[in-house]
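See structure below.
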Amino acid sequence: MNDKIKNVLFICTHNSARSIIAEAILNKIGKNKFVAFSAGSSPKSIINPNTIKFLKSQGYETDYLRSKNWNEFANLNSPKIEFIFTVCHSAAKEACPIWPGHSISTNWGVEDPSSIGGTEKEVMNAYLNCYEILKNKIVRFVNLRLEEFDQTRLKNKLIEINKID
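The working numbering numbers the first residue of the sequence shown as 668 and each following residue consecutively.
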């Protein structure tokens, strides 16, 4: 793969927690190499407030984040997406739109922190766990020397990254 900036789309059903967290992480640590977006098959109208609270507590900018429908990325005027990661198991099983181009896609399913009830500490711990798992995968992705892989080997490497927590 060449060395131009790559567009990455993170997908989960509601685009309210996991995919938003992944978008924020990659836009921070993958700057100058990747541009991250997120979307959902059935997005909520707003991002879960605990997602914003958690990201701010970790020093992330959140003003640009919004919940989006994945159809925003399925038309010819959309950014060309090189990589698509589903971060929930239900979205991985859904019939996805036809993405322009030849994106590499794989599932990096993570438990939904917004589904956890309990005390504020328990909820924030669920967010921290989700964040750490996603960040670990994303750091490994950012550190890949993409130019060394053909599409098949790269897809296999992305699947391998998912197996490491």
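From the three backbone atoms N, C-alpha and C, an ideal C-beta is built for every residue, glycine too. Nothing here was measured: the structure is a model prediction, and the numbers come from that model.
Taking 9 Å as the cut-off, decide whether the C-beta atoms of residue i and residue j are in contact.
i: ALA801; j: ILE692; result: A quick correction: the sequence has Leu, not Ala, at residue 801. Taking 9 Å as the Cβ cut-off, LEU801 and ILE692 qualify as a contacting pair.
i: SER705; j: GLU690; result: yes
i: ILE696; j: LEU732; result: no
i: ASN792; j: GLU778; result: no
i: ASN738; j: LYS711; result: no
i: ILE678; j: CYS755; result: yes
i: ILE714; j: ALA684; result: yes
Quick one: residues in its chain with C-beta nearer than 8 Å to the C-beta of residue i, no 5 flanking neighbours on either side, listed in chain order?
i: LYS673; result: LYS700, PHE701, VAL702, GLU749, PHE750, LEU813
i: VAL790; result: ASN717, PRO780, ILE783, GLY784
Excluding the five sequence neighbours on either side, which residues of its own chain have a C-beta within less than 6 Å of the C-beta of residue i, listed in chain order?
i: ALA759; result: Only weak support is given to the placement of ALA759: the predicted model assigns it a pLDDT of 48, under 50, and the question is left unresolved by the model.
Just checking my contact of residue i with residue j at CB under 8 Å: how many whole Å lie between their CB atoms?
i: SER782; j: ASN717; result: No, SER782 and ASN717 are not in contact; Cβ-Cβ is about 11 Å, not under 8 Å.
i: ASN736; j: GLY707; result: 7 Å
Excluding sequence positions up to five away, which residues of its chain have a Cβ less than 7 Å from the Cβ of residue i?
i: GLN818; result: ILE771
i: LYS723; result: THR729
i: LYS824; result: LEU811, PHE816
i: ARG826; result: As written in the sequence, residue 826 is Ile, which differs from the Arg given in the question. Closer than 7 Å at Cβ, skipping near neighbours: THR773.
Exercise. Is the segment 736–748 in contact with the segment 788–807, if contact means three or more CB pairs nearer than 8 Å?
Worked result: no
Problem set entry | Entirely enclosed alpha helix (DSSP H) segments - the segment 690–768, minimum 4 residues | Listed in chain order, the complete alpha helix (DSSP H) runs (minimum 4 residues) inside the segment 690–768 are 716–724, 756–760.
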